[in-house]
Amino acid sequence: MQLTFIQGLELLGTFAFAVSGATAAINKSYDIIGLLALAFVTAIGGGTIRDLLIGATPVAWLTDELTNSAIIAAAIIAALFVSYVKKLQNWLNVFDAIGLGLFTITGINKGVAVGLPIPICVALGVITGSFGGLLRDVISGEQPFLFTREVYAVASMAGGILYILLGLHTSLPADIIQSVSVTVIVAVRLFGLHYNWHLPRIRQ
Amino acid sequence: MQLTFIQGLELLGTFAFAVSGATAAINKSYDIIGLLALAFVTAIGGGTIRDLLIGATPVAWLTDELTNSAIIAAAIIAALFVSYVKKLQNWLNVFDAIGLGLFTITGINKGVAVGLPIPICVALGVITGSFGGLLRDVISGEQPFLFTREVYAVASMAGGILYILLGLHTSLPADIIQSVSVTVIVAVRLFGLHYNWHLPRIRQ
Amino acid sequence: MQLTFIQGLELLGTFAFAVSGATAAINKSYDIIGLLALAFVTAIGGGTIRDLLIGATPVAWLTDELTNSAIIAAAIIAALFVSYVKKLQNWLNVFDAIGLGLFTITGINKGVAVGLPIPICVALGVITGSFGGLLRDVISGEQPFLFTREVYAVASMAGGILYILLGLHTSLPADIIQSVSVTVIVAVRLFGLHYNWHLPRIRQ
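Chains as they are written, first to last, in UniProt numbering: chain R, 1 to 204; chain F, 1 to 204; chain U, 1 to 204.
Next up, the structure:
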């Protein structure tokens with residue numbers, strides 16, 4: 001089996017998503033069932049919600065052995081090497097941002113493929129990239145980080161809108177448009193993390 | 001585009017549902033992502049669960065521009081005019097009750113259309129009308145108001161049962177049956193609010 | 001209508017699942033809506049998630065009158081006879097374990113029937129047997145017992161793997177393989193309860 005470069009990046013993204021789920025399970029002192037469940041939910045939750053909404057069943061991850069292996073590997077590695085994994089947090093943030101970028105574009109493309117309106121396609125991109133983390137937080141009883149802490153879904157939304165605009169208004173080749181959009185998502189997300197950007201929170 | 005009277009009422013109901021989601025986000029000091037997410041989840045969550053259960057995908061709201069516009073408008077208005085919106089709470093309660101009534105009937109009709117047993121159709125009506133609020137509470141970490149505080153799902157259930165009985169045992173025209181049933185739901189809900197009715201809570 | 005022995009056991013399992021949901025609602029002092037909702041979610045939540053993931057819609061319980069009647073009966077009995085039901089907890093644990101065993105096998109068979117990879121079929125079995133309880137806990141705001149307290153999902157997983165192995169590597173008749181696997185799940189679960197087995201929890 002020969003992986004393309006993009007597939008390799010997607011696996012790194014999946015790995016990072018799963019590690020963030022596994023880390024949440026470890027922080028809660030869950031057992032190995034909780035570890036696996038949160039790793040999976042975080043990694044495939046967004047794509048699952050997207051597939052359910054558009055009726056693309058059986059949902060994609062059920063038959064995606066490579067993705068499932070990456071998630072299980074991430075859960076085991078996170079559990080065995082907790083403190084070591086925490087030292088690699090910067091790398092995980094980069095991989096997580098790449099995953100956010102790639103999964104956003106995947107989500108948009110799936111929406112376009114079933115003929116949904118453009119704003120809904122962007123929403124499906126954001127759901128694909130970021131609702132796994134939302135499910136992780138809801139299941140483990142945490143306030144959703146997606147709604148409070150960081151420039152995460154907004155990075156996905158910005159890159160998603162750019163992806164649509166470049167597709168509609170330029171004649172650039174598809175992979176250039178995709179690369180630029182993913183790069184913007186990664187950049188916004190990582191700059192946001194580095195400079196501690198936050199969206200204004202709405203108060204009464 | 002010419003809206004029918006019913007469609008106009010449905011939009012008011014959707015608007016009120018979305019405001020209640022947006023208000024929950026504001027009460028939690030969520031950011032704009034949380035605002036939009038809770039507005040959408042509250043407004044379309046019940047219908048989404050119904051559509052997923054019966055396999056009606058892509059779920060309805062994905063292609064319903066008018067509904068989506070009403071939700072976004074509700075979120076923005078709620079965020080910009082929080083205190084003003086709170087003063088209009090009585091009107092919002094009326095619109096919310098109308099939404100509960102109309103969405104209950106929509107849910108029942110969809111269940112009937114796919115040939116489900118009658119009690120299940122009523123359950124789908126209740127789910128359509130009230131599970132958006134349940135999702136809102138679960139995601140934002142609140143105890144479900146649906147299970148504790150008010151005559152809400154029960155109003156929907158009462159009107160739904162009436163709707164079925166009138167359809168089975170009278171020869172009244174469909175829109176009369178629908179109007180009577182929605183009116184009963186609105187009345188039970190608003191009387192319940194006004195007189196602070198509660199269902200008995202089950203204690204040990 | 002003539003029930004087979006297996007169908008009778010499945011109904012007892014459904015009943016026990018629903019009682020555990022109803023008991024959770026009673027512990028939270030929910031009203032009758034909360035009682036019914038949690039009884040249903042606990043009893044049919046796992047199978048619903050499975051059906052949604054594989055696209056088997058309308059989901060099974062919508063047309064399963066016997067199951068729905070058992071759930072409603074369980075909710076009413078639990079509410080009327082709370083203290084008496086608690087005295088029967090040992091029997092309920094046995095029925096719950098039988099339900100866990102049977103629903104695990106049902107879930108695996110449904111995965112096999114749509115041609116999914118074997119490890120995913122086992123995962124669907126575990127989801128069918130134990131994710132209703134997870135939904136119950138998430139909706140009622142409790143930490144998921146599935147991730148912390150007991151040998152529950154692991155019993156399901158062990159029996160599920162055994163079921164697959166016996167099917168692949170022996171020529172035993174299907175109902176023998178099923179009976180052995182269910183018995184193993186019931187035994188592991190009940191021994192685990194009796195001897196207070198816990199999975200190691202992962203700590204930093």
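Glycine residues also receive a C-beta, built at the ideal position from the N, C-alpha and C atoms.
Open item on the list: Quick check on Val138/R - is its C-beta less than 8 angstroms from some C-beta in chain F?
Closed with: Contact of Val138/R with chain F is assigned, a C-beta pair being separated by under 8 angstroms.
Task: Chain-ordered neighbours of Thr57/R on chain U, where CB pairs are closer than 9 angstroms - done: Using a Cβ-Cβ cut-off of 9 angstroms, Thr57/R is close to Leu52, Leu53, Ile54, Gly55, Ala56 and Thr57 of chain U, given in chain order.
- [ ] Just confirm the distance between the C-beta atoms of Pro144/U and Gly132/R, as a whole number of angstroms; I'd bet it's less than 8 angstroms.
- [x] 17 angstroms between Cβ atoms; not a contact.
Open item on the list: Tell me which residues share the same chain as Ala74/U and place their Cβ nearer than 7 angstroms to its Cβ, disregarding the 5 neighbours each side in the sequence.
Closed with: Excluding five sequence positions before and after Ala74/U, the CB atoms of its chain that fall closer than 7 angstroms to its own CB belong to Phe15, Ala18, Val19, Ala22 and Ala39, given in chain order.
Open item on the list: For the alpha helix (DSSP H) containing Glu10/R, name the first residue and the last one.
Closed with: Unbroken alpha helix (DSSP H) run through Glu10/R: Phe5 to Asn27.
Open item on the list: Once DSSP output is grouped into helix, strand and coil, what is the label at Arg201/R?
Closed with: Reduced to three states, the DSSP call for Arg201/R is strand.
Task: Sequence-distant residues of its chain with Cβ nearer than 6 angstroms to Val126/F (five each side left out) - done: When the five nearest sequence neighbours on each side are left out, the beta carbons in the same chain lying within less than 6 angstroms of the beta carbon of Val126/F are those of Ala153, Ser156 and Met157, in order along the chain.
Open item on the list: Measuring only the C-alpha atoms, how far is Arg136/U from Thr128/R?
Closed with: Straight-line Cα distance between these residues: approximately 25 angstroms.
Open item on the list: Check whether chain F comes within 8 angstroms of Leu35/R, counting only Cβ atoms and requiring the distance to be less than that.
Closed with: No - not a single Cβ of chain F is within 8 angstroms of the one on Leu35/R.
- [ ] List in chain order: all unbroken alpha helix (DSSP H) runs of 4+ residues lying wholly within the region 95 to 140 of chain R.
- [x] Unbroken alpha helix (DSSP H) stretches of 4 residues or longer found wholly inside the region 95 to 140 of chain R: 118 to 139, given in chain order.
TODO: Compute the distance between the beta-carbons of Thr104/R and Ile185/R, then report whether it is under 8 angstroms.
DONE: Taking the C-beta atoms as reference points, Ile185/R is found nearer than 8 angstroms to Thr104/R.
Open item on the list: So the candidates are Cys121/R, Leu168/R, Leu36/R and Thr42/R; which of them puts its Cα closest to the Cα of residue 220/R?
Closed with: Past the edges of chain R, shown from 1 to 204, lies residue 220/R, and the structure says nothing about it.
Open item on the list: In whole angstroms, give me the CA-to-CA distance for Ala97/U and Asn90/R.
Closed with: It is roughly 44 angstroms from the alpha-carbon of Ala97/U to the alpha-carbon of Asn90/R.
TODO: Taking the CB atoms as reference points, tell me whether Leu53/R and Val114/F lie closer together than 8 angstroms.
DONE: Their beta carbons are not under 8 angstroms apart, which means Leu53/R does not touch Val114/F by this criterion.
- [ ] Examine chain F for any beta-carbon lying closer than 8 angstroms to the beta-carbon of Ile32/U, and answer yes or no.
- [x] Output row for Ile32/U: interface = yes.
Task: Proximity winner among Gly192/R, Leu62/R, Ala79/R and Val82/R, relative to Gly45/R (alpha-carbon distances) - done: Ranking the options by Cα distance to Gly45/R, first place goes to Leu62/R.
TODO: Give the secondary structure of Asp64/R by DSSP, where H, G and I count as helix, E and B as strand, and everything else as coil.
DONE: The answer is coil: DSSP assigns Asp64/R none of H, G, I, E or B.
Task: Residues that Gln143/U contacts on chain R, provided the C-beta gap is smaller than 7 angstroms - done: Here the neighbours are Gly141.
Task: Rounded C-alpha distance that separates Leu199/F from Val41/F - done: Looking at the two C-alpha atoms, the distance is approximately 25 angstroms.
- [ ] Ignore the nearest five residues each way along the sequence and tell me which others in Leu102/U's own chain have a CB closer than 8 angstroms to its CB.
- [x] Ile6, Leu9, Glu10, Gly13 and Val182.
Open item on the list: Suppose you measure from the CA of Ser140/U to the CA of Thr48/F; what does that come to, to the nearest Å?
Closed with: For Ser140/U and Thr48/F, the gap between their C-alpha atoms comes out near 21 angstroms.
TODO: Starting from Arg50/F, trace the alpha helix (DSSP H) both ways and give me its first and last residue.
DONE: In this chain, the alpha helix (DSSP H) harbouring Arg50/F covers Ile32 to Ile54.
Open item on the list: Please report the distance separating the alpha-carbon of Leu66/U from that of Leu3/U.
Closed with: The alpha-carbon atoms of Leu66/U and Leu3/U are separated by roughly 10 angstroms.
Task: Backbone CA spacing between Met86/U and Leu100/R [nearest angstrom] - done: As written in the sequence, residue 86/U is Lys, which differs from the Met given in the question. Approximately 48 angstroms between the Cα atoms of the pair.
Open item on the list: For Asn93/U and Phe191/U, I'd like the C-alpha separation in whole angstroms.
Closed with: Taking the straight line joining both Cα atoms gives about 11 angstroms.
TODO: Kindly list the residues whose CB is nearer than 6 angstroms to the CB of Gly107/R, restricted to its own chain and excluding five residues on each side of it in sequence; keep chain order.
DONE: Excluding sequence positions up to five before and after Gly107/R, its CB lies within less than 6 angstroms of the CB of Arg50, Leu124, Gly125 and Thr128, all in the same chain and listed in chain order.
Task: Member of Trp197/F, Tyr195/F and Gly159/F whose CA lies at the smallest distance from the CA of Ser179/F - done: For the residues Trp197/F, Tyr195/F and Gly159/F, the minimum Cα distance to Ser179/F belongs to Gly159/F.
Open item on the list: Would Arg201/R and Thr148/R qualify as a contact pair, given that the criterion is a beta-carbon distance under 8 angstroms?
Closed with: Yes; because the gap between Cβ atoms is below 8 angstroms, this pair is in contact.
Open item on the list: I'd like to know whether the C-beta atoms of Val82/F and Ile26/F end up nearer to each other than 8 angstroms.
Closed with: Yes, Cβ-Cβ distance for Val82/F and Ile26/F is below 8 angstroms.
Open item on the list: Please tell me whether Thr57/U and Gly55/F are closer than 8 angstroms, where the distance is taken between their beta carbons.
Closed with: Less than 8 angstroms divides the Cβ of Thr57/U from the Cβ of Gly55/F.
Task: Residue range of the alpha helix (DSSP H) that includes Phe191/U - done: First-last of the alpha helix (DSSP H) with Phe191/U: Ala174 to His194.
Open item on the list: By the 8 angstroms beta-carbon criterion, what residues does the region 77 to 99 of chain F contribute toward chain R?
Closed with: Only Ala79, Val82 and Ser83 from the region 77 to 99 of chain F bring a Cβ to less than 8 angstroms from some Cβ of chain R.
Open item on the list: At the level of alpha carbons, what is the spacing between Leu165/F and Leu146/F?
Closed with: C-alpha separation (whole angstroms): 25 angstroms.
Task: Residues near residue 251/R by beta carbon distance below 7 angstroms, same chain, minus five either side - done: A query on residue 251/R cannot be resolved here, the shown segment of chain R reaching from 1 to 204 and no further.
- [ ] Note the first and the last residue of the continuous alpha helix (DSSP H) segment covering Tyr163/F.
- [x] Residues Ala153 to His169.
Task: Gln89/F (DSSP reduced to helix, strand or coil) - done: Note: Gln89/F maps to helix in three-state DSSP.
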